[in-house]
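Peer 1: Protein chains in written order, with the UniProt record's numbering: chain A, 1 to 389; chain B, 1 to 389; chain C, 1 to 389; chain D, 1 to 389.
Supplied in structure tokens, the structure appears directly below.
Protein chains: 4
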Amino acid sequence: MALNDTNMQIQSHRKLKLGMVGGGVTAFIGGVHRIASRIDDRYELVAGALDNDPERGKAFAVAIGIAPDRAYDNYEDMIKAEASREDKPDVIAIVTPNFLHYPVAKAALEAGFHVICEKPMTTSLDDAKVLAETVKKTGKTLFLTHTYTGYPMVRQAREMVANGAIGELRRVQVEYAQDWLAAPDEDPEAASANWRNDPKKAGQGGAIGDIGTHSYNLAAFVAGVEPTEILAELTALVPGRQVDDDASILLRYANGAKGSIWASQVVAGNGNNLSLRIYGSTGGLEWWQEKPEELWYTPLGEPRRLLRRNGVENTPAAVAGSRIPAAHPEGYLEAFANIYRDAADAIEANEAAVLVPNADDGVSGLAFVEASLESSAKGGVWVSLKEKK
Amino acid sequence: MALNDTNMQIQSHRKLKLGMVGGGVTAFIGGVHRIASRIDDRYELVAGALDNDPERGKAFAVAIGIAPDRAYDNYEDMIKAEASREDKPDVIAIVTPNFLHYPVAKAALEAGFHVICEKPMTTSLDDAKVLAETVKKTGKTLFLTHTYTGYPMVRQAREMVANGAIGELRRVQVEYAQDWLAAPDEDPEAASANWRNDPKKAGQGGAIGDIGTHSYNLAAFVAGVEPTEILAELTALVPGRQVDDDASILLRYANGAKGSIWASQVVAGNGNNLSLRIYGSTGGLEWWQEKPEELWYTPLGEPRRLLRRNGVENTPAAVAGSRIPAAHPEGYLEAFANIYRDAADAIEANEAAVLVPNADDGVSGLAFVEASLESSAKGGVWVSLKEKK
Amino acid sequence: MALNDTNMQIQSHRKLKLGMVGGGVTAFIGGVHRIASRIDDRYELVAGALDNDPERGKAFAVAIGIAPDRAYDNYEDMIKAEASREDKPDVIAIVTPNFLHYPVAKAALEAGFHVICEKPMTTSLDDAKVLAETVKKTGKTLFLTHTYTGYPMVRQAREMVANGAIGELRRVQVEYAQDWLAAPDEDPEAASANWRNDPKKAGQGGAIGDIGTHSYNLAAFVAGVEPTEILAELTALVPGRQVDDDASILLRYANGAKGSIWASQVVAGNGNNLSLRIYGSTGGLEWWQEKPEELWYTPLGEPRRLLRRNGVENTPAAVAGSRIPAAHPEGYLEAFANIYRDAADAIEANEAAVLVPNADDGVSGLAFVEASLESSAKGGVWVSLKEKK
Amino acid sequence: MALNDTNMQIQSHRKLKLGMVGGGVTAFIGGVHRIASRIDDRYELVAGALDNDPERGKAFAVAIGIAPDRAYDNYEDMIKAEASREDKPDVIAIVTPNFLHYPVAKAALEAGFHVICEKPMTTSLDDAKVLAETVKKTGKTLFLTHTYTGYPMVRQAREMVANGAIGELRRVQVEYAQDWLAAPDEDPEAASANWRNDPKKAGQGGAIGDIGTHSYNLAAFVAGVEPTEILAELTALVPGRQVDDDASILLRYANGAKGSIWASQVVAGNGNNLSLRIYGSTGGLEWWQEKPEELWYTPLGEPRRLLRRNGVENTPAAVAGSRIPAAHPEGYLEAFANIYRDAADAIEANEAAVLVPNADDGVSGLAFVEASLESSAKGGVWVSLKEKK
């Protein structure tokens, strides 16, 4: 039993059992998931198939506290064995390279597990649709870890837009600029990036799949609406690269609003520079991931206001997503932990997690990727998103 | 005779005589030009046709020190009368609404005056080409006041790019976001904006002409190269507006580099938020107009460096464009004054002003506007810029 | 067994057993300690005396997963009972109001437990000295949770100063500005602050003890040296307050360097605005707690450089204190977790934790508080710090 | 006749005649005064004794447009000769090293000229008092160019404080950090600083006189009240320097409010980093000279608001001090020009310039310097400011 530390009423929770596929000793994102699962003490990691090198995976599983008999060679074994246990996992976290998301998620859902899945949900839109169907059929939930939706000030922005703080939507600007792939691939420092640049493992898209999907999801999460048409210009700016590392996408919304996404992994001086700016007829909101505690709000004709996490003028979702007082910085891991906590709440209550992206959002993400690839392949033409879905 | 105050050697200059068309008591930009002309004491305002209301224009001219007999009803009278004077102006500044730039500039050049002209140079590409021809024919110079090229740190960026500081060009991002036209036009507060929203006076483009041309020019000024193809999405986001107030433009460069311009006048919370970010294979440069004293430079794989006007690691053009020490902020008026000073130097030396945009840049700007209008009118297609020129 | 997720080698650790005194359902800092202890999975919370209301404390203990028979009415019972268990805690965390730190820590150390203690270590210098003696006598360690020393970029600053990056020390500026006590105490919103404004529970100092000690510790941690003399001006700026809520302290160092601390809890618009700026003969370093991922470094005569956690030019301590890549913000909880992790490493290795403040630092903190109170009581005179210790 | 370009009503002004003492070709501040005098076209420079090298001074005077017969060898000659001319100057600007301010200002006032004088007004408090008396006796005005009071957002802060925006004064924090004197004096790059480090020319104080007086004046200008007691710690941090280059001053106000000034010229990474933060019982205001267009305002319990020059929520003085729209940066030269324009308005109207520091402020500045020197010489004791005046 565990307690939500942010709540001043004494509440106790059943600790959920967690299985994990991927996330071996060399992977970055697996550790992030495990920390996120621990922060609020709502999960216990009980089983794992952590690595494509089975011996290394099992050694690592044991080292991080998984019982040896629940450390598996591969996900097939794990799902099969765990499905029949009394003390089986409530949920399986999938933190593998992209091409494995689909088969693992499908198998896990069909075996009766909830799933927490890394993005992009699949490497093809068809797979994504199948997975969404599988969710419906099985009655299980797939929680898609679009991390940035876990930030309290992003959730605040969503609530403010929904509550009319900016009036009618006019313009959405999302940027996601990085430089960690700016050097050519043969650069040994870029080695860890390898699978992302291999279409077989990452899917056809490069930046468009890796960070373009985050950008698209963030825009939709806050705006509360998706564009109906897009036009994409995908480029491999680093010579010799097989997939795009830079993507410009224009967006058209049904109400006439316009938008733009720029996602690049090759622009020097940018770390993880994701930002969202959204403007309507009566106001604007601006947020930068590298300063996640701050949300700028300008009602048209008033001064710019700096809203801070857990400070004044916070919406309920922002308060609920906060653990510590304003100006004591929370960050990326806490945003991730909000997704894990919300998933736990949803599983416990057997309800939907309204603030956590799900399989339908995964379908939207893949529709965005495929429309972008199609638009770009045709030389930069407008493509209907609606028809994709 | 006047002295360049920034120079510790005693230098004296002949004070140039300046005539002005437009810039009456109700206009903002006329006052800016006059201040800019005074800052370095290189000009004397001697003649003017300042207003479409002749009486008001003449009263104002006299009030600001122009001799009554050199305060004119209209530009035709002024150019005719002044052309035959012994003490005639060296240069005519044109600060009228857009539709008058062309006829006034043409008349002034043909009458033997140099011209300092507001942007956009004309309201059509054809007119722009005629004006460029006129410049060649007359041997006079047209200085185009793309103000932002006057900022020392913009000039520094240009020099750094030319000197290889970022390697081969990869990506250009320009944004120009404002909110002063965010309210519907019937709003009395938007009254001063009226001519800009009237296609007869401003030209067909709205934001694309007013601030899109600044953005395009800035990108070309710093990159040292223009794109070969563009695709534009122009929108009137404020209901009922006759011209675009928001523009997204994608750019393709000959070497495979890509770029993007976003120009909007309707996004709440943005004042005059112009920025340029330019990235190459070995580094990146970033500049924001609202913090014009700072230029961020990141050589790939090194920390971000904050370069400051007149501080360490300044290039010659940045030093030359500075009047006072680093961290004593210079601003918009000093950037403008740099254009005036460079124009004076060029006129005095009878040489080109390499750092001041000219009639050819004006042609490029109008080619950009027309290509954008064409692209957008066709539903958002790629248009060759080369063929326009 | 647990694994350090940041390390790509498979390492396993014995999970330490943790007891806790204080940190009941109404307390903020107890939850912070529990989250910090979980982030790296190095601790298991096994026993607690969490509340001055015994029933509430026990109910809460059980709710957060402590076995009912190890949920105690008070710390005396807990220490007595746990000391004789086979599976007793390795370490006791003390998160009570200030006046209880001393008796609990003393009892815990004497019963053979390591201690993780909130600051200020005690409410009097005499008590602090006794505690430091107790540490020596028992051979146990007292880890003092001066949170801000856990930030990677603070640790980087310390290493850079030690390595000569700023030359000989000249000037230290620390500020710690808040506004949460800006309203008068009778304000119901300030209720949670009550014990801090009660000299019986908080000690004689108000801001000087609560955040002045953090400031002093941070300065000493990074500078690597403490001042020899100080002069303090302590004020209760809010009418009717019994303890200081604003403190200015001037610092003199043995080498002639000078410094200043300003700590205030009543200045509107400040959240948790702690900053450290430190300058020497050849460079300067600047850090702000609200942007903890950034460290500004200026070698004299070079541009300002922005160093980022886990980015280029990071020192070993900064890298070791990072869990995730640069620009994925870590924050306050991760800084706290670094203290817990370092404590675990130290306990496991039976070595000192060089980057975690200890009982000697606690003595320094109380010497600072008492010297400040003495200086201020005498009307603002210089007081030797050396003689205090 | 000239016109205030910011005003949309046609207004004309008599152009004032300006004489200048100091400000030769090698001086920085002389050029600043001349630009400031030109920006609004309210002055004509007609006479000058610009240099302690008479030939260089006269050559320079002629080069910048002064008639040869009004270019003088020294100030005595100039004042004598100009006083008897029909077309004599309205006002004499004094831009010499500090030790000459007093004799030149006294002679100019007594000869019937208004004076625009650089700070600090004199090098001794006694001289300052004599000068204030001279002002009273002669009925002329001495305008003291504490530049930073000319910034629109500083003037806005003053008006807001006066109008109760922050409630009762609690705390004033002023910092003025530079690094241009951080290298030892023998450094050739520090040559231009020479007179400032020579007590015979600069007065006894170093940083305390040069930038401490600016800091003190700024605090008083905005707070609307001066402290009654101060305590100072003055230090020469650079080995071998004859005057202080770093100063910490604590302030006590009559109402119990407290304050602090830190002025240093030797801290690497700081350009001209002057800031003012002022807090009261109901709000706070914060301003940084290097971002002069922004004023942060936080009403207690509300979000931080970013007020911008010439934007919404501007006070009359801020609007009047603006020439161009918000977000088109004005800077240091425009702040200076505001002082010149206000002086012109005052002279023209024969009224006091309420927003421009005067001889009484000069006396306050010297009282501050002398009290600081006394406090520091006595080892850091509290000194009454009141008794100084």
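The beta-carbon is built from N, C-alpha and C at its ideal position, and this holds for glycine as well.
#1: Within 10 angstroms of its Cβ, does C/K136 collect 16 or more other Cβ (buried), or is it exposed?
#2: What residue range does the beta strand (DSSP E) around C/D127 cover?
#3: Does D/P303 have its Cβ less than 7 Å from a Cβ in chain A?
#4: Jot down the residue ranges of each uninterrupted beta strand (DSSP E) in the region 193-278 of chain A, minimum 3 residues, whole runs only, in chain order.
#5: Looking at the structure shown, is A/G31 part of a helix, part of a strand, or coil, going by DSSP?
#6: Taking 7 Å as the threshold (beta carbon to beta carbon), is D/I39 in contact with chain B?
#7: At which residues does the alpha helix (DSSP H) containing C/M20 begin and terminate?
#8: If I follow the unbroken beta strand (DSSP E) through D/P97, where does it start and stop?
#9: Can you name the start and end residues of the alpha helix (DSSP H) that B/L366 belongs to?
#10: Check the Cβ-Cβ distances between B/P292 and every residue of chain D, and say whether any is below 7 Å.
#11: So that I know if they touch, is there some Cβ in chain B lying closer than 7 Å to that of D/F60?
#12: Check whether the Cβ atoms of A/K327 and C/E290 sit closer than 7 Å, and answer yes or no.
#13: So which of A/A337, A/P316 and A/L373 has the shortest CA-CA distance to A/E159?
#14: Quick one, which of A/E302, A/R309 and A/E229 has its alpha-carbon nearest A/K389's?
#15: So the candidates are A/G280, A/K140 and A/L366; which of them puts its Cα closest to the Cα of A/K386?
#16: Looking at C-alpha atoms only, which residue of B/V267, B/V172 and B/Y75 is the closest neighbour of B/L237?
#17: When you compare only the Cα positions, how much space is there between B/E168 and A/L306?
#18: For B/R170, name the three-state secondary structure that DSSP assigns.
#19: Measuring only between beta-carbons, confirm whether C/E330 sits less than 7 Å from chain A.
#20: Roughly how many whole angstroms lie between the Cα atoms of B/S376 and A/G379?
#21: What's the gap between the Cα of D/A191 and the Cα of D/N197?
#22: Quick check: is the beta carbon of D/S248 nearer than 7 Å to any beta carbon in chain C?
#23: Can you tell me where the alpha helix (DSSP H) holding A/R42 begins and where it ends?
#24: Do B/A105 and B/L131 have their beta-carbon atoms positioned less than 7 Å apart in this structure?
#25: Please confirm whether A/G112 and A/F60 have their CB atoms less than 7 Å apart.
#26: Kindly list, in the order they appear in chain C, the residues whose Cβ is closer than 9 Å to that of A/I324.
#27: Where does the unbroken beta strand (DSSP E) through A/R286 begin, and where does it stop?
#28: Quick one: is D/V312 near chain A, going by C-beta distance under 7 Å?
#29: Using a C-beta to C-beta distance shorter than 8 Å, which residues of chain D count as neighbours of B/A105?
#30: List, from N- to C-terminal side, the beta strand (DSSP E) runs of 3 residues or more that fit wholly inside the region 285-366 of chain B.
#31: Report the rounded CA-to-CA distance for residue 393 of chain B versus B/T138, giving the unit in angstroms.
#32: Of the residues B/V383, B/S364 and B/W382, which one's Cα is nearest the Cα of B/A128?
#33: Comparing C-alpha positions only, which one of C/E302, C/T141 and C/W296 sits nearest to D/A183?
#34: Take B/D87 and list the residues in its own chain whose beta-carbon comes closer than 8 Å to its own, dropping the five residues that flank it on each side.
#35: Please check if any C-beta of chain B sits within less than 7 Å of the C-beta of D/A327.
#36: Quick one: is A/A219 buried, meaning 16 or more other Cβ sit within 10 Å of its Cβ, or exposed?
Peer 2: Let me lay it out:
#1: Position 136 of the third sequence, counting from 1, holds the residue named residue 136 of chain C. Exposed is the call here.
#2: By one-based count along the third sequence, residue 127 of chain C stands at place 127. Not the beta strand (DSSP E): C/D127 falls in the alpha helix (DSSP H), residues L125 to T138.
#3: Counted from its first residue, the fourth sequence places residue 303 of chain D at position 303. Yes, D/P303 counts as interfacial toward chain A.
#4: 229-235, 246-252 and 258-264
#5: The count along the first sequence starts at 1 and reaches residue 31 of chain A at position 31. In the structure shown, A/G31 sits in a helix (DSSP, three-state: H, G or I).
#6: The residue labelled residue 39 of chain D in the question sits at position 39 within the fourth sequence. It does: the Cβ of D/I39 has a partner Cβ on chain B nearer than 7 Å.
#7: To locate residue 20 of chain C, count along the third sequence from 1; it is residue 20. Element bounds for C/M20: not the alpha helix (DSSP H) but the beta strand (DSSP E), L16 to G22.
#8: In the fourth sequence, counting from the first residue as 1, residue 97 of chain D sits at position 97. D/P97 -> no beta strand (DSSP E), and no H or E assigned at all.
#9: Numbered from 1 along the second sequence, position 366 holds the residue referred to as residue 366 of chain B. It spans A359 to A377 - the alpha helix (DSSP H) in which B/L366 sits, taken as one unbroken run.
#10: Numbered from its first residue, the second sequence carries residue 292 of chain B at position 292. Output row for B/P292: interface = yes.
#11: On the fourth sequence, residue 60 of chain D is found 60 positions in, with the first residue counted as 1. So yes, D/F60 belongs to the interface.
#12: Locating residue 327 of chain A in the first sequence gives position 327, counting from the first residue. Locating residue 290 of chain C in the third sequence gives position 290, counting from the first residue. A small correction: the amino acid at residue 327 of chain A is Ala; Lys does not occupy that position in the sequence shown. Cβ atoms of A/A327 and C/E290: closer than 7 Å.
#13: Here residue 159 of chain A is taken as the residue at index 159 of the first sequence, counted from 1. The shortest C-alpha separation from A/E159 is found at A/P316.
#14: Within the first sequence, numbered from 1, the residue matching residue 389 of chain A stands at position 389. The shortest C-alpha separation from A/K389 is found at A/E229.
#15: Here residue 386 of chain A corresponds to residue number 386 of the first sequence, with the count starting at 1. Per the Cα distances, A/L366.
#16: Position 237 of the second sequence, counted from the first residue, corresponds to residue 237 of chain B. When each option's Cα is compared against that of B/L237, the closest is B/V267.
#17: Residue 168 of chain B sits at position 168 when you count from the first residue of the second sequence. Residue 306 of chain A sits at position 306 when you count from the first residue of the first sequence. Spanning the two alpha carbons is a distance of roughly 38 Å.
#18: Mapped onto the second sequence, residue 170 of chain B falls at position 170. Strand, per DSSP.
#19: Position 330 of the third sequence, counted from the start, is the residue given in the question as residue 330 of chain C. Taking Cβ atoms only, chain A reaches closer than 7 Å to C/E330, which makes this a yes.
#20: Numbered from its first residue, the second sequence carries residue 376 of chain B at position 376. Numbered from its first residue, the first sequence carries residue 379 of chain A at position 379. C-alpha separation (whole angstroms): 16 Å.
#21: As a working note, residue 191 of chain D is residue 191 in the fourth sequence. As a working note, residue 197 of chain D is residue 197 in the fourth sequence. The pLDDT assigned to D/A191 is 44, lower than 50, so where the model puts this residue is not dependable, and the model offers no usable value.
#22: Along the fourth sequence, read from residue 1 onward, the residue named residue 248 of chain D stands at position 248. Cβ-Cβ to chain C under 7 Å: yes for D/S248.
#23: Here residue 42 of chain A refers to the residue found at position 42 of the first sequence. Neither: A/R42 is in no alpha helix (DSSP H) and is coded neither H nor E.
#24: Position 131 of the second sequence holds residue 131 of chain B. Position 105 of the second sequence holds residue 105 of chain B. Yes, they are a contact pair.
#25: The count along the first sequence starts at 1 and reaches residue 112 of chain A at position 112. The count along the first sequence starts at 1 and reaches residue 60 of chain A at position 60. Contact: no.
#26: As a working note, residue 324 of chain A is residue 324 in the first sequence. Those within 9 Å of A/I324 in chain C are F28, G31, V32, I35, G331, Y332 and L333.
#27: Mapped onto the first sequence, residue 286 of chain A falls at position 286. According to the sequence shown, residue 286 of chain A is Glu rather than Arg. Segment G283 to W288, the beta strand (DSSP E) holding A/E286.
#28: Taking the first residue of the fourth sequence as 1, we reach residue 312 of chain D at position 312. Yes, contact with chain A.
#29: On the second sequence, residue 105 of chain B is found 105 positions in, with the first residue counted as 1. In chain order: nothing, as chain D lies at least about 23 Å away.
#30: 294-299 and 304-308
#31: Chain B is shown from 1 up to 389; residue 393 of chain B falls before or after that span and cannot be answered.
#32: For the purposes of this step, residue 128 of chain B is taken as residue 128 along the second sequence, with counting starting at 1. Comparing Cα-Cα distances from B/A128 to each of B/V383, B/S364 and B/W382, the minimum goes to B/S364.
#33: Position 183 of the fourth sequence, counted from the start, is the residue given in the question as residue 183 of chain D. D/A183 has its Cα closest to that of C/E302, out of C/E302, C/T141 and C/W296.
#34: Numbered from 1 along the second sequence, position 87 holds the residue referred to as residue 87 of chain B. Contacts found: K17 and V46.
#35: Taking the fourth sequence and counting its residues from 1, the one referred to as residue 327 of chain D is at position 327. Chain B contact via Cβ: present.
#36: One-based indexing of the first sequence puts residue 219 of chain A at position 219. A/A219 should be labelled buried.
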